[in-house]
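Worksheet for the structure shown next.
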Amino acid sequence: MLIDLITVLPDLVRSPLDHSILHRAQDKGLVEVRVHDLRDWGLGSYRQIDDLPYGGGGGMVLRPEPLFASIEALQEQLGEPYDEIIYLTPDGETLDQPLANRLSLYKNLLLIAGHYKGIDQRVRDTFVTREISIGDYVLSGGELPALVLIDAIARLIPGVLGDANSALSDSFQDGLLDAPAYTRPPKFRGMGVPPVLTSGNHEAILSWREEQRLVKTQKRRPDLLPPEHE
(Lines of atoms letter the chains of each structure in order from A and count residues from 1; the text may use other names and numbers.)
(Lines give C-alpha, C1' and ligand atoms only; values in the text may rest on other atoms or scores of the structure.)
Protein backbone atom coordinates (compact mmCIF):
# COMPACT_ATOMS: atom_id res chain seq x y z
CA MET A 1 0.00 0.00 0.00
CA LEU A 2 1.13 3.53 -0.81
CA ILE A 3 0.14 6.38 1.51
CA ASP A 4 1.00 9.95 0.54
CA LEU A 5 0.65 12.57 3.29
CA ILE A 6 0.55 16.32 2.67
CA THR A 7 1.42 18.31 5.78
CA VAL A 8 2.65 21.68 6.99
CA LEU A 9 4.82 19.94 9.62
CA PRO A 10 6.69 17.07 7.95
CA ASP A 11 9.20 16.69 10.78
CA LEU A 12 6.39 16.10 13.26
CA VAL A 13 5.22 12.96 11.47
CA ARG A 14 8.50 11.47 10.29
CA SER A 15 9.77 10.29 13.66
CA PRO A 16 6.77 8.04 14.50
CA LEU A 17 6.97 6.55 11.01
CA ASP A 18 10.56 5.47 11.70
CA HIS A 19 9.73 3.33 14.74
CA SER A 20 7.92 0.17 15.82
CA ILE A 21 5.25 -1.43 13.63
CA LEU A 22 5.12 1.39 11.09
CA HIS A 23 8.86 1.15 10.56
CA ARG A 24 8.70 -2.64 10.15
CA ALA A 25 5.80 -2.37 7.71
CA GLN A 26 7.83 -0.02 5.51
CA ASP A 27 11.03 -2.02 5.96
CA LYS A 28 9.23 -5.13 4.70
CA GLY A 29 7.97 -3.24 1.67
CA LEU A 30 4.34 -3.80 2.69
CA VAL A 31 3.57 -0.12 3.21
CA GLU A 32 5.19 2.96 1.73
CA VAL A 33 4.47 6.27 3.46
CA ARG A 34 5.67 9.38 1.64
CA VAL A 35 5.58 12.68 3.53
CA HIS A 36 5.24 15.87 1.48
CA ASP A 37 5.84 19.38 2.78
CA LEU A 38 3.03 21.66 1.60
CA ARG A 39 5.48 24.58 1.59
CA ASP A 40 7.19 22.99 -1.42
CA TRP A 41 4.19 24.34 -3.34
CA GLY A 42 3.96 27.59 -1.37
CA LEU A 43 3.50 30.97 -3.02
CA GLY A 44 6.31 33.44 -3.60
CA SER A 45 9.69 33.72 -1.95
CA TYR A 46 8.16 33.15 1.48
CA ARG A 47 6.37 30.01 0.27
CA GLN A 48 3.06 31.27 1.66
CA ILE A 49 0.48 28.58 2.32
CA ASP A 50 -2.18 30.32 4.44
CA ASP A 51 -4.20 33.53 4.67
CA LEU A 52 -6.91 35.25 6.70
CA PRO A 53 -10.44 33.82 6.36
CA TYR A 54 -12.97 35.73 4.32
CA GLY A 55 -15.70 37.14 6.54
CA GLY A 56 -13.37 37.72 9.46
CA GLY A 57 -12.78 35.64 12.55
CA GLY A 58 -9.66 34.27 14.20
CA GLY A 59 -7.08 31.91 12.82
CA MET A 60 -5.71 31.24 9.37
CA VAL A 61 -6.91 29.06 6.49
CA LEU A 62 -4.70 27.01 4.17
CA ARG A 63 -4.93 28.56 0.71
CA PRO A 64 -6.24 26.59 -2.27
CA GLU A 65 -3.30 27.21 -4.65
CA PRO A 66 -0.65 25.16 -2.78
CA LEU A 67 -3.10 22.35 -2.06
CA PHE A 68 -4.40 22.17 -5.62
CA ALA A 69 -0.82 22.18 -6.94
CA SER A 70 0.39 19.50 -4.51
CA ILE A 71 -2.56 17.18 -5.04
CA GLU A 72 -2.39 17.50 -8.83
CA ALA A 73 1.38 16.93 -8.83
CA LEU A 74 1.11 13.81 -6.69
CA GLN A 75 -1.82 12.53 -8.72
CA GLU A 76 0.18 12.95 -11.92
CA GLN A 77 3.19 11.25 -10.35
CA LEU A 78 1.04 8.31 -9.26
CA GLY A 79 -0.32 7.88 -12.77
CA GLU A 80 -3.76 6.74 -11.61
CA PRO A 81 -6.50 8.03 -9.33
CA TYR A 82 -6.07 7.59 -5.58
CA ASP A 83 -8.49 5.10 -4.08
CA GLU A 84 -9.35 7.78 -1.52
CA ILE A 85 -8.23 11.36 -0.89
CA ILE A 86 -8.79 11.82 2.83
CA TYR A 87 -8.91 15.08 4.75
CA LEU A 88 -8.37 14.77 8.51
CA THR A 89 -10.85 17.12 10.15
CA PRO A 90 -12.92 17.28 13.38
CA ASP A 91 -16.15 17.46 11.36
CA GLY A 92 -15.48 14.25 9.41
CA GLU A 93 -16.90 10.80 10.03
CA THR A 94 -15.50 9.20 13.17
CA LEU A 95 -12.75 6.65 12.61
CA ASP A 96 -13.71 3.18 13.80
CA GLN A 97 -12.46 -0.35 13.24
CA PRO A 98 -14.76 -1.21 10.31
CA LEU A 99 -13.61 1.93 8.49
CA ALA A 100 -9.95 1.07 9.15
CA ASN A 101 -10.61 -2.45 7.85
CA ARG A 102 -12.06 -1.11 4.59
CA LEU A 103 -9.25 1.37 4.04
CA SER A 104 -6.62 -1.32 4.61
CA LEU A 105 -7.83 -3.07 1.45
CA TYR A 106 -6.99 -0.14 -0.80
CA LYS A 107 -3.90 0.19 -2.97
CA ASN A 108 -3.14 3.88 -2.50
CA LEU A 109 -4.34 6.73 -0.29
CA LEU A 110 -3.66 10.44 -0.15
CA LEU A 111 -4.02 12.09 3.26
CA ILE A 112 -4.29 15.84 3.83
CA ALA A 113 -3.42 17.08 7.30
CA GLY A 114 -5.30 20.27 7.99
CA HIS A 115 -3.81 23.07 10.08
CA TYR A 116 -4.79 26.39 11.61
CA LYS A 117 -8.55 26.85 10.93
CA GLY A 118 -8.59 24.23 8.21
CA ILE A 119 -8.35 24.30 4.44
CA ASP A 120 -10.18 26.28 1.79
CA GLN A 121 -13.54 24.64 1.10
CA ARG A 122 -12.84 24.54 -2.63
CA VAL A 123 -10.14 21.94 -2.01
CA ARG A 124 -12.63 19.77 -0.17
CA ASP A 125 -15.25 20.18 -2.87
CA THR A 126 -12.83 19.38 -5.71
CA PHE A 127 -10.60 16.60 -4.46
CA VAL A 128 -11.55 15.13 -1.09
CA THR A 129 -13.45 11.85 -1.27
CA ARG A 130 -13.62 11.13 2.46
CA GLU A 131 -13.30 13.22 5.61
CA ILE A 132 -12.25 11.52 8.84
CA SER A 133 -12.14 12.57 12.49
CA ILE A 134 -10.48 10.60 15.29
CA GLY A 135 -12.84 11.97 17.93
CA ASP A 136 -15.02 14.82 19.12
CA TYR A 137 -12.23 17.19 20.10
CA VAL A 138 -9.93 19.64 18.34
CA LEU A 139 -6.15 19.32 17.93
CA SER A 140 -3.65 21.86 16.63
CA GLY A 141 -3.49 20.14 13.25
CA GLY A 142 -4.24 16.99 11.32
CA GLU A 143 -0.77 15.46 11.67
CA LEU A 144 -1.50 13.37 14.78
CA PRO A 145 -4.86 12.16 13.42
CA ALA A 146 -3.09 11.22 10.17
CA LEU A 147 -0.58 9.12 12.14
CA VAL A 148 -3.41 7.45 14.05
CA LEU A 149 -5.12 6.59 10.78
CA ILE A 150 -1.92 5.29 9.19
CA ASP A 151 -1.18 3.08 12.19
CA ALA A 152 -4.75 1.73 12.32
CA ILE A 153 -4.58 0.83 8.62
CA ALA A 154 -1.02 -0.48 8.37
CA ARG A 155 -1.30 -3.02 11.18
CA LEU A 156 -4.14 -4.72 9.30
CA ILE A 157 -2.13 -5.37 6.14
CA PRO A 158 -1.12 -9.06 5.95
CA GLY A 159 2.47 -9.60 7.01
CA VAL A 160 2.84 -6.39 9.02
CA LEU A 161 2.18 -8.01 12.39
CA GLY A 162 4.20 -11.06 13.36
CA ASP A 163 1.03 -12.88 14.42
CA ALA A 164 -1.66 -12.61 11.78
CA ASN A 165 -4.35 -13.50 14.34
CA SER A 166 -3.39 -10.59 16.60
CA ALA A 167 -5.26 -7.94 14.61
CA LEU A 168 -8.26 -10.22 14.16
CA SER A 169 -8.73 -10.49 17.93
CA ASP A 170 -8.39 -6.77 18.66
CA SER A 171 -11.10 -4.78 20.35
CA PHE A 172 -13.90 -3.66 17.99
CA GLN A 173 -13.11 -6.21 15.27
CA ASP A 174 -16.45 -7.89 15.87
CA GLY A 175 -18.11 -5.14 17.86
CA LEU A 176 -16.84 -6.18 21.30
CA LEU A 177 -13.97 -5.03 23.48
CA ASP A 178 -11.04 -7.39 24.01
CA ALA A 179 -10.81 -9.78 26.96
CA PRO A 180 -8.33 -9.24 29.84
CA ALA A 181 -4.79 -10.38 29.06
CA TYR A 182 -2.32 -12.11 31.40
CA THR A 183 1.28 -13.29 31.11
CA ARG A 184 4.03 -14.65 33.38
CA PRO A 185 4.47 -14.89 36.33
CA PRO A 186 1.39 -16.88 37.36
CA LYS A 187 1.51 -15.22 40.81
CA PHE A 188 2.47 -11.57 41.36
CA ARG A 189 2.06 -9.73 44.66
CA GLY A 190 -0.70 -12.04 45.72
CA MET A 191 -2.59 -11.73 42.44
CA GLY A 192 -3.10 -14.81 40.30
CA VAL A 193 -4.12 -15.69 36.77
CA PRO A 194 -7.58 -17.14 36.08
CA PRO A 195 -7.04 -20.94 36.21
CA VAL A 196 -8.81 -21.49 32.88
CA LEU A 197 -6.00 -19.68 31.06
CA THR A 198 -3.41 -22.18 32.30
CA SER A 199 -5.65 -25.23 31.93
CA GLY A 200 -4.64 -26.04 28.36
CA ASN A 201 -8.32 -26.48 27.50
CA HIS A 202 -8.59 -24.31 24.39
CA GLU A 203 -12.36 -24.62 24.11
CA ALA A 204 -12.78 -23.47 27.71
CA ILE A 205 -10.32 -20.62 27.15
CA LEU A 206 -12.23 -19.39 24.09
CA SER A 207 -15.49 -19.58 26.02
CA TRP A 208 -13.99 -17.64 28.95
CA ARG A 209 -12.62 -14.94 26.65
CA GLU A 210 -15.93 -14.49 24.86
CA GLU A 211 -17.72 -14.20 28.19
CA GLN A 212 -15.18 -11.65 29.46
CA ARG A 213 -15.45 -9.63 26.26
CA LEU A 214 -19.19 -9.45 26.63
CA VAL A 215 -18.96 -8.49 30.31
CA LYS A 216 -16.40 -5.76 29.64
CA THR A 217 -18.40 -4.37 26.71
CA GLN A 218 -21.61 -4.34 28.73
CA LYS A 219 -19.84 -2.44 31.50
CA ARG A 220 -17.77 0.03 29.49
CA ARG A 221 -19.37 0.39 26.04
CA PRO A 222 -22.96 -0.86 26.10
CA ASP A 223 -23.61 1.24 22.99
CA LEU A 224 -21.61 -1.32 21.01
CA LEU A 225 -23.89 -4.22 21.87
CA PRO A 226 -26.70 -5.48 19.65
CA PRO A 227 -30.19 -5.22 21.24
CA GLU A 228 -30.26 -8.87 22.36
CA HIS A 229 -27.22 -8.29 24.62
CA GLU A 230 -28.17 -4.96 26.13
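Numbering (the numbering used here), first residue to last: 81 to 310.
Even glycine gets a Cβ: it sits at the ideal position worked out from N, Cα and C.
By the three-class DSSP mapping on this structure, what secondary structure does residue i have?
| i | result |
| --- | --- |
| residue 207 | coil |
| residue 213 | strand |
| residue 303 | helix |
| residue 116 | strand |
| residue 278 | helix |
| residue 296 | helix |
| residue 123 | strand |
| residue 111 | coil |
| residue 311 | What the structure shows of the chain is the stretch from 81 to 310, and residue 311 is not part of that stretch, so it cannot be assessed. |
| residue 237 | coil |
| residue 328 | The structure shown has nothing for residue 328, since the chain only spans 81 to 310. |
| residue 256 | coil |
| residue 98 | coil |
Would you report the Cα separation of residue i and residue j, rounded to the nearest angstrom?
| i | j | result |
| --- | --- | --- |
| residue 306 | residue 179 | 19 Å |
| residue 208 | residue 195 | 16 Å |
| residue 81 | residue 98 | 17 Å |
| residue 238 | residue 218 | 32 Å |
| residue 265 | residue 291 | 24 Å |
| residue 300 | residue 232 | 22 Å |
| residue 122 | residue 143 | 9 Å |
| residue 181 | residue 116 | 25 Å |
| residue 206 | residue 278 | 57 Å |
| residue 227 | residue 177 | 15 Å |
| residue 109 | residue 131 | 39 Å |
| residue 160 | residue 191 | 16 Å |
| residue 314 | residue 288 | No answer is possible for residue 314: the residues shown for the chain start at 81 and end at 310. |
| residue 139 | residue 201 | 15 Å |
| residue 137 | residue 269 | 58 Å |
| residue 145 | residue 100 | 36 Å |
| residue 260 | residue 297 | 12 Å |
| residue 155 | residue 148 | 10 Å |
Assuming the contact rule is C-beta atoms closer than 8 Å, residue i and residue j should be a hit. Round their C-beta distance to whole Å, please.
| i | j | result |
| --- | --- | --- |
| residue 111 | residue 83 | 7 Å |
| residue 171 | residue 186 | In fact, because the Cβ distance is near 23 Å, the residues do not count as touching under 8 Å. |
| residue 174 | residue 125 | At roughly 41 Å, the Cβ-Cβ gap does not stay under 8 Å, so residue 174 and residue 125 are not in contact. |
| residue 234 | residue 102 | 6 Å |
| residue 302 | residue 197 | Their Cβ separation, rounded to whole angstroms, is 36 Å, which puts residue 302 and residue 197 out of contact at 8 Å. |
| residue 113 | residue 230 | 6 Å |
| residue 189 | residue 150 | About 15 Å separates the two Cβ atoms, so there is no contact after all. |
| residue 167 | residue 199 | 7 Å |
| residue 285 | residue 276 | 6 Å |
| residue 304 | residue 256 | 7 Å |
By DSSP's criteria, residue i is part of a beta bridge. Which residues make up the other side?
| i | result |
| --- | --- |
| residue 86 | 116, 192 |
| residue 221 | 195 |
| residue 272 | 267 |
| query | Which runs of the alpha helix (DSSP H) spanning at least 4 residues fall entirely within the region 126-214, listed in chain order? | reply | 144-158, 177-183, 201-206
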